[in-house]
Amino acid sequence: MVFAEYNNGQMVAGLALTDTDGERNTTIYGEYKVSDDLSFGVVVDKFKDNDAVTFVQVDYGVGDIEVGGSYLTFGGDEGFVAIDASYGFGNGLRATSAYSTVVGVDFDINQIDIGASYEFAPGAMIEASVGHLSGDGVPDDIRTISIGLTFERGNRAIVAERLRDDTRRAQVNMLFF
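Using our numbering, you'd call the opening residue of the sequence shown number 5 and step up by one each time.
This is the structure:
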């Protein structure tokens, strides 16, 4: 990976080029912090076969409350929308919730999750959630359980990875048919 990134503390803009086994990917990304509480981000991944994936995200946090929204499109009208919220109780414990849906397809798939996370050391967290996946594209209503363990080992190489991870976290159990 080769990348260039400009960061002035309030705004980040970058370009990354990757080549894995002959598959080229160009990523253009940016994030703007309106204030300490509110930020907007976008990542556009352009692949060799001309498909593009776009992540758009907004995050808002005041005190112990954090709210986020993200939109992921696969280059056409199909996409994924997610809204998440969490509340911090202190001592590393946080209640979490998320709603996600697939848009622009001939069927509906919706998911709602509730859970908790516990940061037991700086950059080390365990997460668990239960959810319900339903809709026209789901043969039966599906109950989900997610358990995760995260270890952060320093700063991310580029802001685009953090923005993508935030979107992935909201869609952890979403199935595409």
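C-beta atoms are modelled at their ideal positions from N, C-alpha and C, and glycine is treated no differently.
Shown here, Val163 sits in a helix according to DSSP, grouped into three states.
DSSP places Ile113 in the coil class of the three-state scheme, outside both helix and strand. The Cβ atoms of Thr31 and Thr58 lie no closer than 8 Å to each other. Sixteen is the threshold: since fewer than 16 other Cβ atoms of the shown chains lie within 10 Å of the Cβ of Ser39, the residue is exposed. Secondary structure within the region 72 to 130: the beta strand (DSSP E) runs of 3 or more consecutive residues, fully enclosed, are 83 to 94, 97 to 107, 114 to 125 (chain order). Between the region 115 to 127 and the region 97 to 106, the count of C-beta pairs closer than 8 Å reaches three or more; the two stretches touch. A straight line joining the alpha-carbon of Leu153 with that of Glu131 spans about 6 Å. Rounded to the nearest angstrom, the gap between the Cα atoms of Tyr33 and Glu165 is 10 Å. The beta carbons of Gly135 and Ile116 sit closer together than 8 Å. In the three-state scheme derived from DSSP, where H, G and I count as helix and E and B as strand, Lys52 is classed as coil.
For Ser39, there is no enclosing beta strand (DSSP E), as DSSP gives it neither H nor E. Here the C-alpha atom of Asp112 lies approximately 12 Å from the C-alpha atom of Gly83. Within the same chain, Cβ atoms closer than 6 Å to the Cβ of Ala8 are found at Leu19, the five residues on either side in sequence being excluded. Each residue's CA atom was taken as its position, placing Tyr10 and Asp23 some 22 Å apart.
Ile69 has its alpha-carbon roughly 32 Å from the corresponding atom of Val142. When secondary structure is reduced to three states using DSSP, Glu156 falls in the coil class, being assigned neither helix nor strand. Boundaries of the beta strand (DSSP E) around Met15: 15 to 24.
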